[in-house]
Amino acid sequence: MDSYADKLNLADFLRESVIRSAISALNFPSGSRGLDAGCGIGTLSLLLAEAVAPAGHVTGLDISPDLLYYAKENANKSTFSEQVLFKAGDVNNLPFEDDDFDWVWSVDCVGHAPGEPVPLLKELARVVKPAGIIAILMWSSQQLLPGYPQLEARLNATSVGIAPFVKGKSPKLHYLRALGWFQAAGLIDAKALTLVGSIYAPLSDDTRSALISLFQMRWGAPKSELTKEDWEQYQRLCDPDSSDFILNIPDYYAFFTYSLFWGKVTI
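Take a look at the structure:
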């Protein structure tokens, strides 16, 4: 769990500017009360708390007690510890009353988790006041291996690279169809926005560590799904101990995108 929490910390470091842009686009009112559904280690809950400070409040919800332990530790180190509360619970059955919050937000959870997204959105809407916002933000693409588009395309097509969308699922369950989910859940004024995070040399030590972790999180060790040549090239480019490690090139540039979908609860 320590190792996984470290990876989440690195991921949050890498995407912080994108998350801040998403929060800015949603323009949550100062002093409002919100829910971070699937909060993980709580880093993003603290960014939300900062956005609605000083009178606002954010509740972070996660099903993992281990991750909530780290969330509480992170909050204790933050100046916004009084503006956040972390609670164990399942996004499929929220432990809150109707109309408890002004808004709900979920990153890489609702829409990415197994199961039907529409009932999940309806459950989120249940706890939000009329005219309140429901927002989901999802990792939607990346280009991390500049100069090797064919290899990266094949990596992205592996079972890990394409997760959580798997073979046999309806096209309507793909996360880029989320506007349809919002409509089916009875939400109104649905909107979408794609945000881009750029990374380029020279890379700081923290950025290098975050990218190394990202290679593993996005693609794992897909040996069985690649040709021998592709597997060897993947190892050569993505192994930090390789003389051809791609983060060592002086003109390294990469980007990733997050897609934001949001709508309002009917009045």
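Numbering-wise (the working numbering), the sequence shown opens with residue 165 and increments by one. Don't be surprised by glycine CBs; every beta carbon is placed ideally from N, CA and C. As the structure is a prediction and not an experimental result, all values here were calculated from the model.
Query: Unbroken alpha helix (DSSP H) run spanning residue 192, endpoints; Result: Segment: none, residue 192 is in no alpha helix (DSSP H) and carries neither H nor E.
Query: Contact set for residue 363: own chain, Cβ-Cβ below 6 Å, skip 5 residues either direction; Result: 418
Query: Segments of 3+ residues assigned as beta strand (DSSP E) that fall wholly inside the stretch 320-391; Result: 352-364
Query: Three-state secondary structure assigned by DSSP to residue 300; Result: strand
Query: CB of residue 303 within 9 Å of CB of residue 420, strictly; Result: yes
Query: Length of the line joining the Cα atoms of residue 231 and residue 282; Result: 26 Å
Query: Inter-residue Cα distance where the pair is residue 212 and residue 267; Result: 11 Å
Query: Rounded separation between residue 219 and residue 316 - CA only; Result: 45 Å
Query: Rounded straight-line distance, which links the Cα of residue 195 to that of residue 399; Result: 49 Å
Query: Delimiting residues of the alpha helix (DSSP H) encompassing residue 235; Result: 229-240
Query: Reference residue 361; option with closest CA among 375, 351, 353; Result: 375
Query: Classification of residue 330 by the beta-carbon crowding that lies within 10 angstroms, buried from 16 upward; Result: exposed
Query: Environment of residue 347 [buried if 16+ CB atoms lie within 10 Å]; Result: exposed
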